[in-house]
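Participant: Before I ask anything, let me first share the structure, which is written out below as structure tokens.
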């Protein structure tokens, strides 16, 4: 009897060891701090994957650019250095203009239009990423983008000469058309860039403004609702294919839940974080008609420029969106 117990214990130990051997950990770089709602959502996604796979797949999150800096994340996933990662979709606009459609000023400025644009954009994006050995697991939008400045802005002319924070080619074009001076600055560096005078204005979400404690270094937030850009979570296709069918299904199911949850979180963020800005002393104002007219002119010019560069992919995307 004792021998049977020992044998049974050995079998159980071996089974436990086999489970540990089979368990896999995916390192996941993300660009934003843990308090950002995108990262909060990713932590929930990782928990869902671990629960659905009984721990067979664990996703270890490296937030705030701690593993790879933001511009390097897509390259790291593409090359297989990491199997999964999150990045701002329009960072890839230099690869193909279709990646930057959701950052075009005043093309989609509310959540219904943003959903419609993503539906039109998704197949094009997945086709482009497929050629790079990646695929989208899910996408989540930021709140509508507002204008942060160190002074009141009543017209586009007031932006002329200001050092303007940019983070992709689309925003650099916007700054140039507004007569501002584009300066590349990533999210973790925003407070220092403003405090040292390296930048004087930026367009970003209420979430980023709060997470950066914008009230420490600027004074005004103008709610221009310029565009609703997205972050995407992508996976290396080779890494995904190495998973068994059940684990693949669990990842896709968790991703679908994360996308639905993320869109709801984004909408809740808009009012909540705008209120936080105001509570901390930021002057929150609605834009003047003169400012909006000037900004829409810039948006129209950028759309025409985008069409000229975007080719068949862009034409198909716009046609699907405008139907």
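Numbering (mature numbering (1 follows the signal peptide of the UniProt record, and there is no 0)), first residue to last: -23 to -1, 1 to 300. Idealized CB from N, CA, C, for every residue including glycine.
(1) Tell me which residue opens and which closes the beta strand (DSSP E) that residue 161 is part of.
(2) To the nearest angstrom, report how far apart residue 157 and residue 138 are at their CA atoms.
(3) Identify whether residue 54 lies in helix, strand or coil by the three-state DSSP scheme.
(4) CA-CA distance, residue 292 and residue 94?
(5) Whole-angstrom Cβ separation of residue 8 and residue 164, contact assumed at under 8 angstroms?
(6) Rounding to the nearest angstrom, what Cα-Cα distance links residue 271 and residue 48 in this structure?
(7) Return yes when the Cβ of residue 70 is within less than 9 angstroms of the Cβ of residue 77, no when it is not.
(8) Classify residue 215: buried if its beta carbon has 16 or more other beta carbons within 10 angstroms, exposed otherwise.
(9) Give the straight-line distance between the Cα atoms of residue 1 and residue 209, rounded to the nearest whole angstrom.
(10) Take residue 6 as the anchor and find which of 17, 33, 31, 43 has the nearest alpha-carbon.
(11) Where does residue 62 land, buried or exposed, given buried means 16+ other C-beta within 10 angstroms?
(12) Report the three-state DSSP secondary structure of residue 115 (helix, strand or coil).
(13) Nearest-angstrom Cα distance between residue 183 and residue 19?
(14) From 132, 290, 212, pick the residue whose C-alpha is nearest to that of residue 110; which is it?
(15) In its own chain, which residues sit with a C-beta less than 6 angstroms from the C-beta of residue 133, not counting the 5 before and 5 after it?
(16) List the residues that DSSP assigns as beta-bridge partners of residue 261.
(17) From which residue to which residue does the beta strand (DSSP E) around residue 141 run?
(18) Could you pull out every residue in the same chain whose Cβ sits closer than 8 angstroms to the Cβ of residue 160, ignoring the five residues on either side in sequence?
(19) Decide if the region 277 to 293 is in contact with the region 217 to 227; the criterion is three or more beta carbon pairs, one per stretch, under 8 angstroms apart.
(20) Give me whichever residues DSSP pairs with residue 39 in a beta bridge.
Facilitator: Quick look at the numbers:
(1) Taking the chain shown and counting its residues from 1, the one referred to as residue 161 is at position 184. Run containing residue 161: 158 to 161, per the beta strand (DSSP E) assignment.
(2) Numbered from 1 along the chain shown, position 180 holds the residue referred to as residue 157. Numbered from 1 along the chain shown, position 161 holds the residue referred to as residue 138. Answer to the nearest angstrom: the Cα atoms are 5 angstroms apart.
(3) Working through the chain shown from its first residue, we reach residue 54 at position 77. Of the three classes helix, strand and coil, the one that applies to residue 54 here is helix, per DSSP.
(4) Locating residue 292 in the chain shown gives position 315, where the first residue counts as 1. Locating residue 94 in the chain shown gives position 117, where the first residue counts as 1. Rounded to the nearest angstrom, the two C-alpha atoms are 13 angstroms apart.
(5) Taking the first residue of the chain shown as position 1, residue 8 is located at position 31. Taking the first residue of the chain shown as position 1, residue 164 is located at position 187. Cβ atoms of residue 8 and residue 164 come within 8 angstroms of each other, at about 7 angstroms.
(6) Residue 271 sits at position 294 when you count from the first residue of the chain shown. Residue 48 sits at position 71 when you count from the first residue of the chain shown. Roughly 31 angstroms between the two C-alpha positions.
(7) Indexing the chain shown from 1 puts residue 77 at position 100. Indexing the chain shown from 1 puts residue 70 at position 93. With contacts defined by Cβ atoms closer than 9 angstroms, residue 77 and residue 70 form a contacting pair.
(8) One-based indexing of the chain shown puts residue 215 at position 238. Exposed, since its Cβ has fewer than 16 Cβ neighbours within 10 Å.
(9) Here the question's residue 1 lines up with position 24 in the chain shown. Here the question's residue 209 lines up with position 232 in the chain shown. Going from the Cα of residue 1 to the Cα of residue 209 covers about 23 angstroms.
(10) Within the chain shown, residue 6 is the residue found at index 29, counting from 1. When each option's Cα is compared against that of residue 6, the closest is 43.
(11) By 1-based counting over the chain shown, the position of residue 62 is 85. Residue 62 comes out buried.
(12) As a first step, residue 115 must be located in the chain shown, where it is residue number 138. Three-state result, residue 115: strand.
(13) The residue labelled residue 183 in the question sits at position 206 within the chain shown. The residue labelled residue 19 in the question sits at position 42 within the chain shown. Computed Cα separation, rounded: 19 angstroms.
(14) What you label residue 110 is simply residue 133 of the chain shown in a count that begins at 1. Closest option to residue 110, Cα to Cα, is 212.
(15) Position 156 of the chain shown holds residue 133. The residues are 155, 271.
(16) As a position in the chain shown, residue 261 is number 284, starting the count at 1. 198, per the DSSP bridge assignment.
(17) Locating residue 141 in the chain shown gives position 164, where the first residue counts as 1. From DSSP, the beta strand (DSSP E) with residue 141 extends over 140 to 143.
(18) In the chain shown, residue 160 corresponds to position 183, counting from 1. The answer, listed in chain order, is 140, 141, 142, 143, 170, 175, 176.
(19) no
(20) The count along the chain shown starts at 1 and reaches residue 39 at position 62. According to DSSP, residue 39 bridges with 6.
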